[in-house]
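For reference, the structure is listed below as structure tokens.
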Amino acid sequence: MIVTRKAMSRRTVLRGMGTVVALPLLDAMVPALTALAQTPANVVPRLGVVYHPNGVIYENWLPKGVGQEFELSPTLAPLAPFRDQLLVITGLSSHQAEALGDGGGDHSRATGTYLTGVHVRKSDSVVGNSVSMDQVAAKFYERDTQLSSLQLTVDDNSLVGSCDVGYSCAYSSTLSWLTPTLPLMAENNPRVVFERLFGSSDSTDPRVRASRLRQDRSILDSVTARVRQLQRKLGPTDGTKVNDYLESLRDVERRIQKAEEQSAKEGPEVVQPAGVPDGFEPHVQLLYDLQLLAYQSDLTRVITFMYGREQTGRPYPQIGIPEPHHSLTHHQNDPAKMMKCAKIQTYHVKLFVDYLTKLRATPDGDGSLLDHVILLYGSGISNSDRHTHGPLPTLLLGGGAGTLKGGRHLVYPDDTPLTNLQLTLLNKIGVPAATLGDSTGQFKELSELS
Amino acid sequence: MKQGTVTTCICLAWAAAIGLEALTAHGEGLPDSHSGLARAAHAVLAPAAFPQIAAPADAASATPPRDLVMRYCVSCHNDRLRTGNLSLDKADADHVFNSAETWEKVVVKLRGRAMPPPGSRRPDNATYEAVAGWLETELDREALSHPNPGRPADLHRLNRTEYGNAVRDLLGVEIDPNALLPPDTQAYGFDNNADALAIEPALLDRYLTAAARIARLAIGDPSIRPTFERYTAVKGNSNEQTWLWQTDRLGEDFPLGSRGGIATRHYFPLDGEYVFKVRLARTYADLVRGLNVPNEIEIRVDGTRVGTFKLGGGGPEVSAAAAPAAQDPLGVKNPLNDADEGLQVRVPLKAGLRQVVATIVKADRIKPEGLGPDRIPIWTREYDVPTVPVFISSLLIGGPYNGRVSQDSSSRRRIFSCQPASRNDESACATTILSTLARRAYRRQPTDEDIQTLLGFYQQARGDGDFDAGIRAALERVLVSPDFLFRIEADPDKVARGAAYRISDVELASRLSFFLWSSIPDDELLDLAIRGRLQDPQTLEQQARRMLADPRARVALVNNFFAQWLQTRNVWLLTPDANRKYPWFDDNLRAAFVRETELFLDDQLKADHGIVDLLTADYTFLNEQLAWHYGVPGVYGSHFRRVALTDENRWGLLGKASVLAVTAYPNRTSPTIRGKWLLENILAAPVPPPPPNVNTNLEEDKTGKAESVRDMLERHRANPACASCHARMDPLGFSLENFDALGQWRTLDGGTPINATGVLLDGTRVDGPAALRRALVAQQEQFVRTVTGKLLTYAIGREMAYYDAPAIRSIVRAAAPDGYRWSAALLAIVKSQPFQMRRSRS
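Chains as they are written, first to last, in my numbering: chain G, 316 to 765; chain Y, 118 to 959.
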């Protein structure tokens with residue numbers, strides 16, 4: 316499906332024995348990649364969401380001018396080479412992330428609400444949200460790909476509990492909600508992501524993988540039989556647990572079946588990453604590379620990615636900002652601090668641009684991967700100092716398989732629900748949806764010049 | 118129906134055997150009860166009021182609750198208004214058990230003095246106690262003959278901590294479950310809540326992957342490809358960028374005379390060669406630091422030095438580093454960018470679990486970091502200067518190379534209970550091995566079908582490979598079996614609907630081991646369970662005591678129970694304002710907060726102190742840095758040692774920096790959060806969440822004048838909507854105001870002197886932490902009840918309901934004669950109805 320082994324450089328992640336300076340996974344191989352399955356007649360759109368925590372310095376972010384005549388702002392300047400596939404969208408807000416009587420916890424609500432448009436339940440014991448926009452799409456595509464979706468983050472996810480006054484960590488640690496009570500935890504370890512994509516056989520060798528898949532399948536069959544037996548023994552269960560279990564088994568089985576169908580195709584020979592690489596930048600690059608690889612191999616069509624959880628205190632010494640990010644964003648209009656925040660946001664955009672560059676260099680069907688993705692890039696907080704949830708900094712990148720017309724700054728009336736945009740995007744990629752959270756309608760302007 | 122009757126009778130007899138002693142003592146034999154309470158020295162019930170009120174339930178006259186309710190409650194809590202969604206009109210005040218759910222709510226409100234709301238006409242303290250006591254006596258007496266042990270989920274998934282422990286105890290392999298499995302959700306305070314432990318596709322995927330990896334590690338697979346594991350200096354921090362200062366020995370795992378580094382446990386799957394590679398800390402410009410002077414770094418495996426690196430001490434690369442300004446970080450490569458490239462050593466090692474340490478040999482000229490409030494923010498410390506001492510930022514362990522399957526690794530010895538002498542023996546031996554594995558993993562006697570299933574996997578893989586490959590395939594199947602991954606509790610075949618029944622011995626064995634060890638039963642416990650011997654109370658008690666004496670119990674309870682109950686796990690999430698307020702906060706101090714609490718709790722359990730000693734203990738465990746933080750003189754060096762606390766404000770949990778910091782904001786204290794924490798975790802009187810449409814943010818004074826948090830909160834409480842709850846939370850929290858957001862002692866806040874006067878729910882006035890503690894101790898039964906409720910929630914993995922209240926009170930009474938010692942309380946839980954019984958499906 317993707318690549319011939321000959322064309323593949325073995326210099327991928329690990330540079331020789333004992334070296335784990337994580338090279339960006341694809342640097343050496345992007346030019347060699349050829350998508351075999353994708354023909355011009357067979358283009359599929361993909362959806363990605365990229366979330367950056369702790370808001371923005373809005374005046375540094377907001378482009379001047381509207382429509383086609385806009386001028387990139389300092390924060391967005393690195394996007395210049397992608398201007399023709401960029402839509403800057405302003406005027407949107409996430410009203411449901413406001414307190415609405417729940418008091419503090421804006422950071423948790425910002426992420427929790429971002430893709431659901433629902434006012435999340437304030438609790439650190441019982442979570443309550445709604446199915447997120449990416450999962451609506453994932454459900455639609457689940458029969459076509461091995462994995463219905465992927466959730467990635469840079470932050471360590473080993474901590475659970477209460478992350479923000481009275482809110483479960485689930486709200487600030489992931490964007491994806493499979494059900495109103497089931498958040499899908501985001502993964503930060505590239506090795507684990509790799510295993511989910513390519514299996515745990517240490518290898519992308521088709522024979523090794525095939526034998527691994529056979530073993531997995533017979534284990535699943537046998538486990539399914541046992542769960543059915545338990546279901547009979549336990550009788551009608553109190554909750555949905557056995558059904559969830561069987562449903563999950565079916566889902567994994569579907570993935571394995573899909574993998575077996577595709578196992579005749581050659582996969583890219585990629586050595587699995589050793590784990591979390593040293594430093595933020597190589598880590599982000601590796602996670603972006605894995606996203607590209609997943610899209611390119613059509614292992615999944617839906618990905619959410621977070622630069623970090625809300626309130627992250629990550630310092631950015633590599634760009635001269637050793638202070639913790641979150642406390643910096645409570646800048647109280649101190650210009651020096653605001654400049655530092657803006658610098659971090661520009662840095663995030665730069666790393667995103669590296670990803671866009673690779674997407675554009677990756678052939679896919681009649682064009683490039685960038686032509687066929689829709690990437691929503693933004694944050695659930697606007698002004699981090701005051702915890703506002705609008706106007707939200709929102710970008711769309713990519714061609715969406717002919718559904719998006721970039722090169723414009725679209726301005727909507729203040730307080731237009733962010734979910735209107737997300738609902739529109741779902742329909743653009745062929746996922747029929749009538750409403751999403753607090754949505755009030757759809758946008759016509761994304762594919763039309765206005 | 119007949120069956121049901123029989124079952125219930127058994128239960129009653131059994132319930133009487135375990136609970137009646139305490140209950141009858143309370144209801145009838147008052148002298149006993151009092152002497153028991155008197156031994157505990159702080160009876161809460163007013164002795165004079167109690168016997169007068171304890172009238173029989175069928176008294177025709179108004180019962181104490183009816184009297185109280187009519188006088189103080191029904192004007193709001195009636196059918197028409199239903200204030201707080203509670204009506205007391207129809208509650209049966211004569212036979213209170215008929216309205217147990219309502220009356221248990223009333224008990225909580227009375228004991229917590231939460232109702233009537235402040236400002237309304239309220240009963241006096243004696244009446245509060247007397248009515249609550251009367252209700253409890255009645256409810257408990259009836260509960261005894263109508264046991265309702267609740268219904269924990271029939272499928273209770275192991276959380277990832279338990280999974281890791283189970284793998285360790287089953288196979289002798291230590292893995293990092295956090296790297297293999299996704300995180301679990303917390304509910305009702307704990308991550309072992311059965312309802313919250315969901316099942317989703319990604320999780321099953323990860324179980325498959327984990328099983329394959331663990332089976333290969335445990336049995337050894339000559340075809341394992343070399344892989345690298347990376348360990349960082351701050352545990353659980355996947356990024357290298359930390360504020361861990363490495364100028365001193367970091368803990369007991371490190372050799373004397375060392376400074377900094379990384380200590381970890383690593384499982385080596387084969388006899389073979391392994392690579393250890395050290396990566397050093399860099400400046401912001403990505404230059405390796407500290408190479409201006411000679412340094413010696415060593416690698417030790419199980420205490421034996423296997424490699425030494427000498428580096429630094431001059432040379433051209435250091436001269437280059439001396440002029441960092443000339444370096445363009447994006448331009449020409451500086452030799453210091455990869456000066457640690459060669460720090461690796463390849464060592465032959467035997468398979469097994471080993472302790473690996475990478476550390477720096479301490480040289481005299483490295484001065485410990487100066488301690489003092491005038492220190493500059495740690496992130497501005499000379500991280501940018503290449504002459505800051507060498508720190509180790511990560512340790513990579515790679516391999517195996519030239520690996521051979523070890524015949525005597527600890528895990529193989531554990532798994533291979535026989536070795537086939539010839540091909541003919543293989544089938545019988547495989548059956549033996551797999552039966553033993555299944556028994557331990559499934560925590561019960563395996564069925565023929567279990568064994569046949571596993572043999573099927575064995576045979577398939579044996580056909581394609583060798584004997585090991587066969588066992589490995591079957592082991593993978595074991596590790597993804599629902600019988601391993603879930604604690605399964607099923608109603609017995611012929612039990613009546615909605616009846617309380619005693620769970621089976623093997624189910625009880627799992628409850629016991631997951632409660633005390635966060636892991637599977639060991640062979641001794643399991644053997645007894647399979648033989649039906651846990652029915653015998655003496656055997657059960659003897660097993661529980663044996664398990665408590667095992668160090669695994671203290672590790673599991675400290676890390677999984679206490680750290681979640683006290684919320685001290687959140688220390689790892691603290692982000693104190695390092696810019697202005699707490700520039701000296703670094704990861705050494707963070708780790709010290711955690712370490713102190715762990716050592717203190719471990720000691721409390723080990724010495725089997727009373728539960729109340731958690732509040733009153735006049736000792737703790739400190740190293741120099743934490744002692745400085747507390748203002749305790751005379752503690753030198755980085756190792757922790759037991760220290761007597763002369764300042765009684767520091768005694769017990771309420772003086773611990775971990776507790777005080779997780780109940781504060783990054784830049785200031787919050788009496789509200791501390792008050793709420795005390796109400797929920799110490800006083801069993803939780804507060805409801807803020808009402809809708811209330812601004813919960815503190816407004817700073819418009820004129821911008823400096824003011825204390827107390828001033829701001831006083832203004833907040835002027836709003837009556839806020840006052841109803843804040844009047845309960847804030848006054849409690851105020852009494853801890855002498856501790857700042859990191860738990861340091863202070864006398865000023867915002868320039869004004871600290872006012873640490875507070876008011877308890879019963880009106881007791883306190884001033885400062887010590888007075889608060891004394892007042893809490895005076896009501897110690899509330900505290901013991903709180904701890905018991907939390908313990909029971911954790912022990913059975915479900916939220917507490919009204920029908921658990923009698924059991925909780927019974928546990929407290931059972932532990933009272935023993936001064937609420939930990940052993941007594943934990944045993945009483947093990948003996949309680951909710952722990953030993955279950956309600957069948959209704």
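From the three backbone atoms N, C-alpha and C, an ideal C-beta is built for every residue, glycine too.
{"Query": "Three-way DSSP call (helix, strand, coil) for V672 (chain Y) in this model", "Result": "helix"}
{"Query": "4-residue-minimum alpha helix (DSSP H) runs that sit fully inside the stretch 872-906 of chain Y, ordered along the chain", "Result": "886-895"}
{"Query": "Expected contact under 8 Å - CB spacing of L651 (chain Y) and L633 (chain Y) to nearest Å", "Result": "Incorrect: roughly 14 Å between the Cβ atoms, too far for contact."}
{"Query": "Residue interval of the beta strand (DSSP E) (run including V474 (chain Y))", "Result": "G469 to V478"}
{"Query": "Pairwise C-alpha distance: R569 (chain G) and C126 (chain Y)", "Result": "Residue placement at C126 (chain Y) cannot be trusted, given a pLDDT of 35 that sits under 50; what the coordinates show is reported in the next sentence. Distance between the alpha carbons of C126 (chain Y) and R569 (chain G): 50 Å."}
{"Query": "Min CB distance A651 (chain G) to chain Y below 9 Å", "Result": "no"}
{"Query": "Cutoff 9 Å: F966 (chain Y) Cβ touching any chain G Cβ", "Result": "Because chain Y here runs from 118 to 959, residue 966 (chain Y) falls outside it and cannot be looked at."}
{"Query": "Contact the stretch 632-650 of chain G vs the stretch 699-710 of chain G: 3+ CB pairs below 8 Å", "Result": "yes"}
{"Query": "Cβ-based burial, N648 (chain G) [other Cβ within 10 Å; buried from 16]", "Result": "exposed"}
{"Query": "Beta-bridge partners of A617 (chain Y), as assigned by DSSP", "Result": "Y:R956"}
{"Query": "Bounding residues of the alpha helix (DSSP H) (the contiguous stretch that carries V364 (chain G))", "Result": "Note, V364 (chain G): premise wrong, no alpha helix (DSSP H); beta strand (DSSP E) at R361 to Y366."}
{"Query": "CB contact check: L795 (chain Y) to chain G, cutoff 9 Å", "Result": "no"}
{"Query": "L465 (chain G): first and last residue of the uninterrupted beta strand (DSSP E) it sits in", "Result": "L465 to T468"}
{"Query": "Cβ pair count under 8 Å reaching 3, the stretch 599-618 of chain G against the stretch 506-513 of chain G", "Result": "yes"}
{"Query": "Three-state class that DSSP yields for L404 (chain Y) in the structure shown", "Result": "coil"}
{"Query": "Distance, N265 (chain Y) Cα to G875 (chain Y) Cα", "Result": "40 Å"}
{"Query": "Close Cβ partners of Y456 (chain G) (< 6 Å) along its chain, the five nearest in sequence each way excluded", "Result": "R616"}
{"Query": "Given 8 Å, three or more beta-carbon pairs between the stretch 292-305 of chain Y and the stretch 551-566 of chain Y", "Result": "no"}
{"Query": "Proximity below 9 Å, CB of I336 (chain Y) to CB of R274 (chain Y)", "Result": "no"}
{"Query": "Inter-residue Cα distance where the pair is R199 (chain Y) and G752 (chain G)", "Result": "32 Å"}
{"Query": "Cβ neighbours of V688 (chain Y) in the same chain (closer than 7 Å, five flanking residues each side left out)", "Result": "R707, F710, V711, S775, A778 and V779"}
{"Query": "DSSP-derived helix/strand/coil call for Q461 (chain Y)", "Result": "strand"}
{"Query": "Three-state secondary structure (DSSP) of P728 (chain G)", "Result": "strand"}
{"Query": "Distance, G714 (chain G) Cα to A412 (chain G) Cα", "Result": "29 Å"}
{"Query": "Touch test, the stretch 533-541 of chain Y against the stretch 406-414 of chain Y, Cβ-Cβ under 8 Å, three pairs minimum", "Result": "no"}
{"Query": "Cβ-based contacts, 9 Å cut-off: residues of the stretch 570-593 of chain Y near chain G", "Result": "T570, G573, F574, Q577, A578, D581, A590 and E593"}
{"Query": "Residues of the stretch 597-610 of chain Y whose Cβ lies closer than 8 Å to any Cβ of chain G, in chain order", "Result": "V597, S598, P599, D600, I605, A607 and D608"}
{"Query": "4-residue-minimum alpha helix (DSSP H) runs that sit fully inside the stretch 388-437 of chain G, ordered along the chain", "Result": "421-429"}
{"Query": "Nearest to P386 (chain Y) (by Cα), restricted to the options Y:L878, Y:D365, Y:T910 and Y:L334", "Result": "Y:L334"}
{"Query": "Environment of A380 (chain Y) [buried if 16+ CB atoms lie within 10 Å]", "Result": "buried"}
{"Query": "Members of the stretch 255-289 of chain Y near chain G, C-beta cut-off 8 Å", "Result": "R268, A270, D271 and L272"}
{"Query": "Any chain Y beta carbon closer than 9 Å to H641 (chain G)", "Result": "yes"}
{"Query": "Integer Cβ distance of V597 (chain Y) from Y324 (chain Y), believed to fall under 8 Å", "Result": "5 Å"}
{"Query": "Own chain, CB closer than 7 Å to D608 (chain Y), minus 5 neighbours either side, in chain order", "Result": "S957 and R958"}
{"Query": "Ordered list of beta strand (DSSP E) runs contained in the stretch 306-362 of chain Y, each at least 3 residues", "Result": "344-349"}
{"Query": "Own chain, CB closer than 6 Å to W939 (chain Y), minus 5 neighbours either side, in chain order", "Result": "L722 and D725"}
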